[in-house]
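S.K.:
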Amino acid sequence: GFPYSYHFFWGADDVARNFLGMWQSVETNKKVGTLYIDNPPGQAFSDPKLGLPAGISGAGYQEFSAGKFQIATDDFTNQIALFKNNGVDIVSGFTFSNHWVTLWNQAAQAGFKPQICTVAAAFLFPAAVNALGDRGDGMSTEVWWTPAYPFKSSLTGQSAAELAAEWEKTTGKQWTQPIGYAHALWEVGLAALQNSDPKDKNSLRDAIAGLDMETVVGRVKFKDSPIKNVAVTSLSGGQWRKTKGGKSKYELLIVHNGTAPFIPKQADLQLLSKLA
5 GFPYSYHFFW GADDVARNFL GMWQSVETNK KVGTLYIDNP PGQAFSDPKL
55 GLPAGISGAG YQEFSAGKFQ IATDDFTNQI ALFKNNGVDI VSGFTFSNHW
105 VTLWNQAAQA GFKPQICTVA AAFLFPAAVN ALGDRGDGMS TEVWWTPAYP
155 FKSSLTGQSA AELAAEWEKT TGKQWTQPIG YAHALWEVGL AALQNSDPKD
205 KNSLRDAIAG LDMETVVGRV KFKDSPIKNV AVTSLSGGQW RKTKGGKSKY
255 ELLIVHNGTA PFIPKQADLQ LLSKLA
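The numbers in our numbering rise by one with no breaks, and the one at position 44 of the sequence shown is 48.
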């Protein structure tokens with residue numbers, strides 16, 4: 005239905021596999037408390053057949069769902085009470101960083117201390133974890149891209165680490181995950197232009213559809229993709245950990261690479277109780 009629209013990224017099912025892979029690496033009571041923003045991504049993640057709930061139940065974990073919440077919500081006491089009363093060890097779902105800061109502060113006030121917090125979207129940027137102060141140590145998340153990814157740019161030849169270092173030197177800020185995709189967008193776009201008549205929309209469309217290339221975020225393969233017009237990219241699982249004398253307070257370490265074994269694992273997932 006969208007013959008000229010193309011997308012390269014990962015899906016909610018990839019996130020679920022990485023979340024479960026991280027959880028299965030440690031001992032917990034397998035009780036998972038979930039909550040989701042009531043928006044399109046939150047609805048995708050909470051889908052009972054294709055989202056996180058299916059992965060949770062399929063792997064033998066028990067979900068205690070607090071359901072969806074409105075984006076303007078700033079009181080999570082009911083959700084926290086549900087999780088605490090059911091002895092939840094793992095908190096997951098889909099929230100933005102501002103929601104998590106509020107929830108995590110309210111959890112401390114209520115004496116709720118889960119062993120794992122693995123939440124989609126909430127911990128995408130370093131600022132989100134920094135906003136938690138010392139209590140940001142151990143937050144875990146899906147990982148789009150990091151300097152540790154073993155890929156190079158098809159345009160500049162820079163490694164992921166070199167691209168991140170250039171960003172930090174130029175901006176004075178810590179690298180962020182979307183940098184890799186912002187760069188790869190140019191790689192894919194220019195490759196399509198080089199392989200087509202850019203004045204002919206059908207030629208350009210066909211060039212994108214036939215792409216199979218290596219980028220700074222890894223392989224982007226539209227050709228023969230099982231999902232029409234979509235190239236599924238690599239995803240891993242990571243945990244934000246305090247640095248020891250580093251220039252940044254936290255660093256994101258790869259702790260699960262089960263869906264992308266070519267991405268080097270940097271550490272093991274640690275329970276929050278062991279980091280306290």
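Backbone N, C-alpha and C define an ideal beta-carbon position, used for all residues, glycine too.
None of these values were measured; they are calculated from a predicted model.
Opposite Phe68 in the DSSP bridges: which residues?
M.R.: According to DSSP, which records beta bridges pairwise, Phe68 is partnered with Gly37.
S.K.: Assuming Val192 and Thr219 form a contact by the criterion Cβ under 8 Å, report the distance between their Cβ atoms to the nearest whole angstrom.
M.R.: 7 Å between Cβ atoms; contact.
S.K.: Tell me the DSSP secondary structure of Glu218 in three-state form.
M.R.: The answer is strand: DSSP assigns Glu218 an E or B state.
S.K.: Take Gly46 as the anchor and find which of Glu31, Ala70, Gly25 has the nearest alpha-carbon.
M.R.: Nearest C-alpha to Gly46: Ala70.
S.K.: Roughly how far, in whole angstroms, is the beta-carbon of Trp149 from the beta-carbon of Gln178, given that I think they are within contact range, below 8 Å?
M.R.: Trp149 to Gln178, Cβ: 14 Å. No contact.
S.K.: Quick one: what's got a C-beta closer than 6 Å to Ser252's C-beta in the same chain, skipping five residues either side?
M.R.: If we look at Ser252 and ignore the five residues flanking it on each side, its Cβ neighbours are Gln178.
S.K.: On the criterion of 16 or more Cβ atoms from any shown chain inside 10 Å, does Tyr254 qualify as buried, or is it exposed?
M.R.: Answer is buried; the Cβ neighbour count reaches 16.
S.K.: Taking the alpha carbon of Val133 as the reference point, which residue from Lys269, Gly242, Asp17, Ala271 has its own alpha carbon closest?
M.R.: When each option's Cα is compared against that of Val133, the closest is Gly242.
S.K.: For a minimum of 3 consecutive residues, which ranges assigned as the beta strand (DSSP E) are wholly contained in the segment 192-259?
M.R.: Whole beta strand (DSSP E) segments, 3+ residues: 216-219, 222-225, 234-236, 240-246.
S.K.: Check whether the segment 155-168 touches the segment 106-116, counting contact only when three or more Cβ pairs, one atom from each stretch, lie closer than 8 Å.
M.R.: Result no; under three Cβ-Cβ pairs closer than 8 Å.
S.K.: Could you tell me the boundaries of the beta strand (DSSP E) in which Ala164 lies?
M.R.: Premise fails: Ala164 lies in the alpha helix (DSSP H), 164-175, not in any beta strand (DSSP E).
S.K.: Kindly give me the distance between the Cβ atoms of Leu257 and Gln270, rounded to whole angstroms, as I take these residues to be in contact under 8 Å.
M.R.: At roughly 4 Å, the Cβ-Cβ gap stays under 8 Å, so Leu257 and Gln270 are in contact.
S.K.: My assumption, with CB atoms under 8 Å, is that Phe266 sits in contact with Pro154. Please give the rounded CB distance.
M.R.: Right, their Cβ atoms sit about 7 Å apart.
S.K.: Beta-carbon separation of Phe98 and Phe49 under 8 Å?
M.R.: Closer than 8 Å, so yes.
S.K.: Tell me which residues share the same chain as Asn43 and place their Cβ nearer than 7 Å to its Cβ, disregarding the 5 neighbours each side in the sequence.
M.R.: Correct list, in chain order: Ile75.
S.K.: Starting from Lys271, follow the beta strand (DSSP E) in both directions and report where the run begins and ends.
M.R.: The residue asked about is misnamed: residue 271 is Ala in this sequence, not Lys. Run containing Ala271: none; DSSP gives neither H nor E here.
S.K.: Quick one: residues in its chain with C-beta nearer than 7 Å to the C-beta of Lys232, no 5 flanking neighbours on either side, listed in chain order?
M.R.: Nothing meets the Cβ criterion.
S.K.: Under a three-way DSSP split, which group does Ile75 fall into?
M.R.: Residue state, collapsed to three classes: coil.
S.K.: Quick one, which of Gln83, Ala63, Tyr65 has its alpha-carbon nearest Lys72's?
M.R.: Per the Cα distances, Gln83.
S.K.: Which residue comes first and which comes last in the alpha helix (DSSP H) that contains Phe87?
M.R.: Where Phe87 is concerned, the enclosing alpha helix (DSSP H) stretches over 81-89.
S.K.: Which whole-angstrom value describes the C-beta separation of Val123 and Trp104, a residue pair presumed to lie in contact below a C-beta threshold of 8 Å?
M.R.: Val123 to Trp104, Cβ: 6 Å. Contact.
S.K.: Starting from Val95, follow the beta strand (DSSP E) in both directions and report where the run begins and ends.
M.R.: Looking at the DSSP string, the run of the beta strand (DSSP E) that includes Val95 is 94-98.
S.K.: With C-beta atoms as the reference, is Val36 less than 8 Å away from Ile60?
M.R.: Going by C-beta atoms, Val36 is nearer than 8 Å to Ile60.
S.K.: I think Leu56 touches Phe23, with their Cβ atoms under 8 Å apart; what is that distance to the nearest whole Å?
M.R.: The pair is a contact, with the Cβ atoms about 7 Å apart (cut-off 8 Å).
S.K.: Compute the Euclidean distance between the alpha carbons of Asn206 and Gly214, then round it to the nearest angstrom.
M.R.: C-alpha separation (whole angstroms): 12 Å.
S.K.: On the three-state DSSP scale, how would you describe Val105?
M.R.: Correct three-state label for Val105: helix.
S.K.: Taking DSSP as the reference, what is the three-state secondary structure of Lys278?
M.R.: The answer is helix: DSSP assigns Lys278 an H, G or I state.
S.K.: Spatial neighbours of His187 within its chain, please: C-beta separation below 7 Å, excluding the five flanking residues on both sides.
M.R.: Excluding residues within five positions, the ones whose Cβ falls inside 7 Å are Ser157, Leu167, Val220.
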